[in-house]
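Novice:
In the numbering used here, the protein residues as written are 487 to 804.
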(Lines of atoms letter the chains of each structure in order from A; the text may use other names.)
(Lines give C-alpha, C1' and ligand atoms only; values in the text may rest on other atoms or scores of the structure.)
Protein backbone atom coordinates (compact mmCIF):
# COMPACT_ATOMS: atom_id res chain seq x y z
CA UNK A 487 0.00 0.00 0.00
CA UNK A 488 1.23 3.50 -0.82
CA UNK A 489 0.17 6.61 1.07
CA UNK A 490 -0.90 9.65 -0.95
CA UNK A 491 2.02 11.76 -2.07
CA UNK A 492 2.32 14.99 -4.09
CA UNK A 493 2.66 14.57 -7.84
CA UNK A 494 6.31 14.71 -8.80
CA UNK A 495 5.77 15.34 -12.48
CA UNK A 496 3.39 18.13 -13.46
CA UNK A 497 1.30 17.35 -16.51
CA UNK A 498 0.26 20.93 -17.10
CA UNK A 499 2.29 22.91 -19.63
CA UNK A 500 4.54 25.69 -18.47
CA UNK A 501 2.76 29.03 -18.36
CA UNK A 502 5.80 31.29 -18.52
CA UNK A 503 8.27 32.08 -21.23
CA UNK A 504 9.15 35.17 -23.18
CA UNK A 505 8.08 33.63 -26.47
CA UNK A 506 4.57 32.93 -25.20
CA UNK A 507 4.26 36.43 -23.80
CA UNK A 508 5.55 37.96 -27.05
CA UNK A 509 3.23 35.94 -29.34
CA UNK A 510 0.20 36.17 -27.07
CA UNK A 511 -2.91 34.75 -28.79
CA UNK A 512 -0.73 33.49 -31.66
CA UNK A 513 1.43 31.23 -29.50
CA UNK A 514 0.82 27.50 -30.05
CA UNK A 515 -1.16 27.46 -26.78
CA UNK A 516 -3.05 30.65 -27.65
CA UNK A 517 -6.75 31.09 -28.33
CA UNK A 518 -6.11 31.94 -32.02
CA UNK A 519 -5.29 28.32 -32.88
CA UNK A 520 -8.28 26.97 -30.95
CA UNK A 521 -10.58 29.37 -32.77
CA UNK A 522 -8.97 28.66 -36.15
CA UNK A 523 -9.49 24.92 -35.71
CA UNK A 524 -13.11 25.37 -34.62
CA UNK A 525 -14.00 27.84 -37.39
CA UNK A 526 -12.11 25.87 -40.01
CA UNK A 527 -14.21 22.77 -39.35
CA UNK A 528 -17.35 24.83 -39.92
CA UNK A 529 -16.35 25.99 -43.39
CA UNK A 530 -14.41 23.18 -45.06
CA UNK A 531 -16.44 20.55 -46.96
CA UNK A 532 -16.82 17.11 -45.43
CA UNK A 533 -14.89 15.42 -48.25
CA UNK A 534 -11.76 17.47 -47.45
CA UNK A 535 -11.56 16.38 -43.84
CA UNK A 536 -10.09 12.95 -44.59
CA UNK A 537 -7.06 14.28 -46.53
CA UNK A 538 -6.63 17.21 -44.12
CA UNK A 539 -6.51 14.84 -41.15
CA UNK A 540 -3.84 12.75 -42.87
CA UNK A 541 -1.78 15.77 -43.91
CA UNK A 542 -1.72 17.28 -40.42
CA UNK A 543 -1.17 13.89 -38.79
CA UNK A 544 1.85 13.36 -41.06
CA UNK A 545 3.20 16.82 -40.20
CA UNK A 546 2.94 16.25 -36.44
CA UNK A 547 4.28 12.72 -36.84
CA UNK A 548 7.45 14.21 -38.30
CA UNK A 549 7.66 17.28 -36.06
CA UNK A 550 6.87 15.89 -32.59
CA UNK A 551 9.84 13.66 -31.90
CA UNK A 552 9.40 13.50 -28.13
CA UNK A 553 5.72 12.64 -28.40
CA UNK A 554 6.53 9.93 -30.95
CA UNK A 555 8.98 8.44 -28.49
CA UNK A 556 6.48 8.61 -25.60
CA UNK A 557 3.69 6.91 -27.59
CA UNK A 558 5.96 4.06 -28.66
CA UNK A 559 7.33 3.67 -25.13
CA UNK A 560 3.91 3.64 -23.44
CA UNK A 561 2.52 1.03 -25.83
CA UNK A 562 5.25 -1.56 -25.21
CA UNK A 563 3.62 -2.90 -21.99
CA UNK A 564 0.25 -2.91 -23.80
CA UNK A 565 1.20 -4.50 -27.13
CA UNK A 566 4.61 -5.98 -26.44
CA UNK A 567 8.07 -5.18 -27.87
CA UNK A 568 8.26 -4.17 -31.52
CA UNK A 569 10.75 -3.47 -34.24
CA UNK A 570 11.26 -0.05 -35.81
CA UNK A 571 8.55 -0.32 -38.49
CA UNK A 572 5.94 -1.64 -36.07
CA UNK A 573 6.71 1.20 -33.64
CA UNK A 574 6.15 3.75 -36.43
CA UNK A 575 2.84 2.09 -37.31
CA UNK A 576 1.69 2.27 -33.68
CA UNK A 577 2.66 5.94 -33.44
CA UNK A 578 0.91 6.79 -36.71
CA UNK A 579 -2.32 5.04 -35.75
CA UNK A 580 -2.40 6.80 -32.38
CA UNK A 581 -1.70 10.25 -33.84
CA UNK A 582 -4.24 9.82 -36.63
CA UNK A 583 -6.91 8.59 -34.22
CA UNK A 584 -6.20 11.51 -31.90
CA UNK A 585 -6.64 13.93 -34.81
CA UNK A 586 -10.03 12.44 -35.65
CA UNK A 587 -11.14 12.54 -32.01
CA UNK A 588 -9.98 16.14 -31.63
CA UNK A 589 -11.83 17.22 -34.78
CA UNK A 590 -15.01 15.42 -33.74
CA UNK A 591 -14.74 16.95 -30.29
CA UNK A 592 -14.84 20.45 -31.81
CA UNK A 593 -17.58 19.51 -34.28
CA UNK A 594 -19.65 18.22 -31.38
CA UNK A 595 -19.00 21.31 -29.26
CA UNK A 596 -19.94 23.49 -32.26
CA UNK A 597 -23.25 21.66 -32.53
CA UNK A 598 -22.26 20.58 -36.05
CA UNK A 599 -21.94 16.87 -35.28
CA UNK A 600 -24.13 14.57 -33.22
CA UNK A 601 -22.30 11.34 -32.54
CA UNK A 602 -24.31 8.15 -32.71
CA UNK A 603 -23.54 6.10 -29.62
CA UNK A 604 -23.93 2.47 -28.67
CA UNK A 605 -24.12 2.13 -24.89
CA UNK A 606 -22.78 -0.85 -22.97
CA UNK A 607 -23.65 -1.24 -19.30
CA UNK A 608 -26.56 1.20 -19.33
CA UNK A 609 -28.08 -0.69 -16.39
CA UNK A 610 -25.15 0.46 -14.23
CA UNK A 611 -25.92 4.05 -15.20
CA UNK A 612 -29.63 3.76 -14.42
CA UNK A 613 -28.89 2.33 -10.97
CA UNK A 614 -26.24 4.97 -10.25
CA UNK A 615 -28.47 7.96 -11.08
CA UNK A 616 -31.55 6.55 -9.36
CA UNK A 617 -32.62 8.30 -6.19
CA UNK A 618 -31.08 11.59 -5.14
CA UNK A 619 -27.45 10.78 -4.36
CA UNK A 620 -24.50 12.25 -6.23
CA UNK A 621 -22.04 10.34 -8.39
CA UNK A 622 -18.35 10.54 -9.30
CA UNK A 623 -17.78 9.61 -12.95
CA UNK A 624 -14.17 8.61 -13.53
CA UNK A 625 -12.71 8.25 -17.01
CA UNK A 626 -9.34 8.40 -18.78
CA UNK A 627 -7.73 10.13 -21.76
CA UNK A 628 -9.16 7.53 -24.13
CA UNK A 629 -11.11 8.05 -27.35
CA UNK A 630 -13.92 10.60 -27.16
CA UNK A 631 -13.28 11.24 -23.49
CA UNK A 632 -14.30 14.91 -23.73
CA UNK A 633 -17.57 14.36 -25.58
CA UNK A 634 -19.65 14.23 -22.41
CA UNK A 635 -22.88 14.87 -24.29
CA UNK A 636 -22.78 11.17 -25.18
CA UNK A 637 -23.60 10.22 -21.60
CA UNK A 638 -27.06 8.72 -21.06
CA UNK A 639 -29.91 10.85 -19.74
CA UNK A 640 -29.46 12.60 -16.41
CA UNK A 641 -32.23 12.89 -13.88
CA UNK A 642 -34.24 16.09 -13.72
CA UNK A 643 -32.24 19.01 -12.36
CA UNK A 644 -28.96 17.12 -12.04
CA UNK A 645 -25.82 19.03 -12.99
CA UNK A 646 -22.52 17.59 -14.21
CA UNK A 647 -19.37 19.27 -12.91
CA UNK A 648 -16.57 18.52 -15.38
CA UNK A 649 -13.05 18.95 -14.00
CA UNK A 650 -10.28 19.74 -16.49
CA UNK A 651 -6.62 20.70 -16.24
CA UNK A 652 -6.21 24.45 -16.60
CA UNK A 653 -5.30 25.75 -20.07
CA UNK A 654 -2.17 27.87 -20.52
CA UNK A 655 -4.11 30.70 -22.19
CA UNK A 656 -7.03 32.06 -20.08
CA UNK A 657 -8.85 33.07 -23.29
CA UNK A 658 -8.60 29.53 -24.67
CA UNK A 659 -9.81 28.23 -21.31
CA UNK A 660 -12.86 30.46 -21.41
CA UNK A 661 -13.60 29.40 -24.99
CA UNK A 662 -13.59 25.72 -24.03
CA UNK A 663 -15.71 26.42 -20.96
CA UNK A 664 -18.32 28.28 -23.00
CA UNK A 665 -18.50 25.65 -25.73
CA UNK A 666 -18.88 22.75 -23.29
CA UNK A 667 -21.55 24.51 -21.26
CA UNK A 668 -23.47 25.68 -24.33
CA UNK A 669 -23.56 22.25 -26.00
CA UNK A 670 -25.02 20.73 -22.81
CA UNK A 671 -27.75 23.33 -22.52
CA UNK A 672 -26.17 24.61 -19.32
CA UNK A 673 -26.25 21.25 -17.54
CA UNK A 674 -22.46 20.95 -17.59
CA UNK A 675 -20.43 23.23 -15.34
CA UNK A 676 -16.75 23.22 -16.34
CA UNK A 677 -14.13 23.66 -13.63
CA UNK A 678 -10.42 24.13 -14.34
CA UNK A 679 -8.31 22.76 -11.51
CA UNK A 680 -6.18 25.36 -9.79
CA UNK A 681 -3.91 24.30 -6.94
CA UNK A 682 -3.99 27.88 -5.58
CA UNK A 683 -7.78 27.58 -5.06
CA UNK A 684 -8.10 26.02 -1.60
CA UNK A 685 -11.91 25.84 -1.88
CA UNK A 686 -11.94 23.75 -5.08
CA UNK A 687 -12.34 20.35 -3.42
CA UNK A 688 -14.92 21.67 -0.95
CA UNK A 689 -17.08 23.03 -3.77
CA UNK A 690 -17.02 19.69 -5.61
CA UNK A 691 -17.90 17.89 -2.39
CA UNK A 692 -20.83 20.24 -1.83
CA UNK A 693 -22.05 19.53 -5.39
CA UNK A 694 -21.97 15.78 -4.75
CA UNK A 695 -23.90 16.19 -1.52
CA UNK A 696 -26.57 18.13 -3.45
CA UNK A 697 -26.97 15.11 -5.72
CA UNK A 698 -24.95 16.44 -8.66
CA UNK A 699 -22.37 14.52 -10.68
CA UNK A 700 -18.62 15.20 -10.80
CA UNK A 701 -16.59 13.94 -13.79
CA UNK A 702 -12.84 13.47 -13.27
CA UNK A 703 -9.86 11.90 -14.99
CA UNK A 704 -8.46 8.82 -13.28
CA UNK A 705 -5.29 8.21 -15.31
CA UNK A 706 -3.34 11.44 -15.06
CA UNK A 707 -2.56 13.39 -11.86
CA UNK A 708 -2.88 17.14 -12.17
CA UNK A 709 0.09 19.37 -11.48
CA UNK A 710 0.68 19.60 -7.73
CA UNK A 711 -2.03 17.04 -6.93
CA UNK A 712 -1.71 14.05 -4.62
CA UNK A 713 -1.06 10.65 -6.16
CA UNK A 714 -1.20 6.96 -5.33
CA UNK A 715 0.92 4.24 -6.87
CA UNK A 716 -1.15 1.46 -8.41
CA UNK A 717 -0.27 -1.37 -10.79
CA UNK A 718 -1.09 -1.27 -14.50
CA UNK A 719 0.31 -3.69 -17.09
CA UNK A 720 2.44 -5.15 -14.27
CA UNK A 721 4.18 -1.82 -13.70
CA UNK A 722 3.85 0.94 -11.11
CA UNK A 723 1.44 3.61 -12.30
CA UNK A 724 0.67 6.93 -10.59
CA UNK A 725 -2.97 7.99 -10.37
CA UNK A 726 -4.72 10.95 -8.73
CA UNK A 727 -6.22 10.49 -5.26
CA UNK A 728 -9.05 12.95 -5.97
CA UNK A 729 -11.75 10.68 -7.47
CA UNK A 730 -11.68 8.17 -4.60
CA UNK A 731 -11.23 10.85 -1.92
CA UNK A 732 -14.27 12.77 -3.15
CA UNK A 733 -16.41 9.65 -3.47
CA UNK A 734 -15.43 8.48 0.02
CA UNK A 735 -16.08 11.87 1.65
CA UNK A 736 -19.47 12.26 -0.08
CA UNK A 737 -20.43 8.58 0.43
CA UNK A 738 -21.19 8.15 -3.28
CA UNK A 739 -19.99 5.53 -5.80
CA UNK A 740 -17.29 5.85 -8.43
CA UNK A 741 -18.56 4.98 -11.90
CA UNK A 742 -15.92 4.23 -14.58
CA UNK A 743 -17.07 5.42 -18.03
CA UNK A 744 -15.08 5.25 -21.28
CA UNK A 745 -16.15 6.62 -24.68
CA UNK A 746 -14.41 4.92 -27.62
CA UNK A 747 -14.38 6.20 -31.19
CA UNK A 748 -16.04 3.65 -33.47
CA UNK A 749 -15.66 5.39 -36.83
CA UNK A 750 -16.85 8.62 -38.38
CA UNK A 751 -19.65 10.08 -36.22
CA UNK A 752 -19.89 6.95 -34.11
CA UNK A 753 -18.86 6.12 -30.58
CA UNK A 754 -19.25 3.35 -28.03
CA UNK A 755 -19.99 4.36 -24.43
CA UNK A 756 -18.75 1.69 -22.04
CA UNK A 757 -20.13 2.00 -18.50
CA UNK A 758 -18.48 -0.26 -15.96
CA UNK A 759 -19.71 -1.60 -12.64
CA UNK A 760 -19.84 1.05 -9.86
CA UNK A 761 -17.01 1.07 -7.33
CA UNK A 762 -17.98 1.59 -3.70
CA UNK A 763 -15.21 3.26 -1.70
CA UNK A 764 -14.92 1.73 1.75
CA UNK A 765 -14.97 3.88 4.88
CA UNK A 766 -12.86 1.97 7.39
CA UNK A 767 -10.51 3.40 10.00
CA UNK A 768 -7.69 3.08 7.46
CA UNK A 769 -8.42 5.87 4.95
CA UNK A 770 -5.20 5.35 2.97
CA UNK A 771 -6.03 1.69 2.38
CA UNK A 772 -9.61 2.57 1.35
CA UNK A 773 -8.33 5.04 -1.26
CA UNK A 774 -5.63 2.65 -2.47
CA UNK A 775 -8.12 -0.18 -2.98
CA UNK A 776 -10.59 2.01 -4.85
CA UNK A 777 -8.01 3.58 -7.16
CA UNK A 778 -6.45 0.19 -7.92
CA UNK A 779 -9.89 -0.92 -9.09
CA UNK A 780 -10.15 2.22 -11.24
CA UNK A 781 -6.69 1.50 -12.69
CA UNK A 782 -7.75 -2.05 -13.55
CA UNK A 783 -10.72 -0.65 -15.48
CA UNK A 784 -8.45 1.84 -17.27
CA UNK A 785 -6.10 -1.00 -18.22
CA UNK A 786 -9.03 -2.97 -19.64
CA UNK A 787 -10.12 0.04 -21.70
CA UNK A 788 -6.59 0.58 -23.05
CA UNK A 789 -6.31 -3.08 -24.03
CA UNK A 790 -9.60 -2.76 -25.92
CA UNK A 791 -8.50 0.30 -27.95
CA UNK A 792 -4.74 0.78 -27.44
CA UNK A 793 -4.43 3.44 -30.14
CA UNK A 794 -7.10 5.55 -28.44
CA UNK A 795 -5.02 6.02 -25.29
CA UNK A 796 -3.84 9.61 -25.65
CA UNK A 797 -0.98 9.86 -23.18
CA UNK A 798 1.87 11.84 -24.71
CA UNK A 799 4.31 11.77 -21.78
CA UNK A 800 6.26 8.70 -20.70
CA UNK A 801 4.33 7.17 -17.82
CA UNK A 802 6.93 4.61 -16.75
CA UNK A 803 10.59 5.02 -15.90
CA UNK A 804 11.79 2.11 -18.04
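We treat Cβ as the ideally placed atom computed from N, Cα and C, and that holds for glycine.
1) From residue 708 to residue 572, what distance separates their C-alpha atoms?
2) Roughly how many angstroms lie between the CA atoms of residue 580 and residue 801, to the nearest whole one?
3) Rounded to a whole number of angstroms, what is the C-alpha to C-alpha distance between residue 754 and residue 706?
4) Considering just the uninterrupted stretch of the beta strand (DSSP E) at residue 781, what are its terminal residues?
5) Return the residue from the list 772, 595, 664, 786 that minimises the CA-CA distance to residue 632.
6) If contact is defined by three or more beta carbon pairs under 8 Å, each pair taking one atom from either stretch, is the segment 686-702 in contact with the segment 771-786?
7) Going by DSSP in three states, residue 578 sits in which element: helix, strand or coil?
8) Whole angstroms are fine: how far does the CA of residue 789 sit from the CA of residue 604?
9) Taking residue 722 as part of the alpha helix (DSSP H), name the residues at either end of that continuous run.
10) Is the segment 597-617 close to the segment 744-758, with three or more CB pairs under 8 Å?
11) Does the Cβ of residue 704 lie closer than 7 Å to at least one heavy atom of the ligand ATP?
12) If we require 4 or more residues per run, which alpha helix (DSSP H) segments fall completely within the segment 585-651?
13) When DSSP labels each residue in this structure, what does residue 533 get in the three-state scheme?
14) Using 8 Å as the threshold, is the C-beta distance between residue 586 and residue 747 below it?
15) Contact defined as beta carbons within less than 8 Å: I believe residue 740 pairs with residue 615. What is the distance between those atoms, to the nearest angstrom?
16) Just list the residues that DSSP pairs residue 548 with in beta bridges.
17) Could you pull out every residue in the same chain whose Cβ sits closer than 8 Å to the Cβ of residue 745, ignoring the five residues on either side in sequence?
18) Which residues in the same chain as residue 560 place their Cβ atom closer than 8 Å to its Cβ, once the five residues preceding and following it in sequence are excluded?
19) Just to confirm the assignment, what range does the alpha helix (DSSP H) spanning residue 686 have?
20) So, does the segment 718-725 touch the segment 641-650, judging by three or more C-beta pairs under 8 Å?
21) What separation, rounded to the nearest whole angstrom, lies between the Cα atoms of residue 661 and residue 565?
Specialist: Reading it off the structure:
1) 32 Å
2) 16 Å
3) 22 Å
4) That residue, residue 781, is in no beta strand (DSSP E); its alpha helix (DSSP H) goes 769-790.
5) 595
6) no
7) helix
8) 19 Å
9) It is not in any alpha helix (DSSP H) - residue 722 instead sits in the beta strand (DSSP E) that spans 721-726.
10) yes
11) Among the components of this structure there are no ligands whatsoever, and the ligand ATP is therefore not found.
12) 608-615
13) helix
14) yes
15) The Cβ separation is near 14 Å, so there is no contact.
16) DSSP, once it has assigned bridges, lists no residue as partnering residue 548.
17) 603, 625, 628, 629, 630, 631, 633, 636, 753, 754, 755, 756
18) 795, 797, 800, 801, 802
19) 686-695
20) no
21) 37 Å
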